[in-house]
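Undergrad: Let me begin by handing over the structure; questions about it come next.
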């Protein structure tokens, strides 16, 4: 399916530590 | 969290001693939400770039220039900023633009979107969303309405869409608006 993400969803990832 | 498309970030640094294309550098390609933020947090904010520099985020396979096959019949929704907006609004507007692109905010017209560019200029910065077909009125207008709303621009603010062919024909970059919202 189409991968649509709203801005709040995207912003939630901004300061997440990167997985190693 | 995979993105619908793979996106490439380009950086342009104006060096008049070199050809235009030699000043254009590919920074990175991303195809997940996580990689997008890793890239975004790794590069300078647009407001910290020196005058004459650009960032461009384009779908992988489309170069950020009029001549690319996916751009040459297209155009751009252009947001021109006043000088003082660099310090208060530029970074927010550019990030919002990026989120519109990677989040696929333009619904059935996402395919029309090629990318976006921010130009850092002394006389006033500019942000634009590039689409592939200037004659596709329905698509261009839908993208323009959604984009204006997402940027939070007031109804009094008018933004214009210019065909690249018209912009290329003008030496002073004042191409006429094909559409406005």
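Chains as they are written, first to last, in my numbering: chain A, 152 to 171; chain B, 206 to 386.
Even glycine gets a Cβ: it sits at the ideal position worked out from N, Cα and C.
Here the structure is a predicted model, which means the values were calculated and not measured.
1) Let me know if residue 386 of chain B comes out buried or exposed under the rule of 16 or more other beta-carbons within 10 Å of its beta-carbon.
2) May I ask you to list the residues that DSSP assigns as paired with residue 263 of chain B?
3) How far does the beta strand (DSSP E) with residue 287 of chain B in it extend, from its first residue to its last?
4) Would the segment 277-293 of chain B count as touching the segment 235-246 of chain B if we require 3 or more Cβ pairs under 8 Å?
5) Closer than 8 Å is the cut-off here; do at least three beta carbon pairs connect the segment 336-343 of chain B with the segment 303-318 of chain B?
6) Looking at the secondary structure, which residues open and close the alpha helix (DSSP H) in which residue 342 of chain B lies?
7) Measure the beta-carbon distance from residue 325 of chain B to residue 254 of chain B and round it to whole angstroms, keeping in mind my assumption that it falls under 8 Å.
8) Quick one: give me the first and last residue of the beta strand (DSSP E) that residue 368 of chain B is part of.
9) Quick one: what does DSSP say residue 292 of chain B is sitting in, helix, strand or coil?
10) Considering only residues of the same chain and omitting the five flanking positions on each side of residue 218 of chain B, which have a CB-CB separation below 6 Å?
11) Is there a Cβ of chain A sitting closer than 7 Å to that of residue 308 of chain B, yes or no?
12) Spatial neighbours of residue 157 of chain A within its chain, please: C-beta separation below 7 Å, excluding the five flanking residues on both sides.
13) Could you spell out the range, first to last residue, of the alpha helix (DSSP H) harbouring residue 248 of chain B?
14) Relative to chain A, which residues along the segment 237-252 of chain B have a C-beta separation below 7 Å, given in chain order?
15) Is DSSP giving residue 254 of chain B helix, strand or coil here?
TA: Taking the definition as stated:
1) Burial call: buried.
2) B:213 and B:320
3) No beta strand (DSSP E) contains residue 287 of chain B, which DSSP labels as neither H nor E.
4) Under the 8 Å Cβ criterion, the segment 277-293 of chain B does not count as touching the segment 235-246 of chain B, having fewer than three qualifying pairs.
5) Flag = yes, the segment 336-343 of chain B and the segment 303-318 of chain B touch.
6) 342-356
7) 5 Å
8) 365-368
9) helix
10) 228 and 258
11) Chain A contact via Cβ: present.
12) none
13) First-last for residue 248 of chain B: undefined, no H or E at that position.
14) 238, 239, 242 and 243
15) coil
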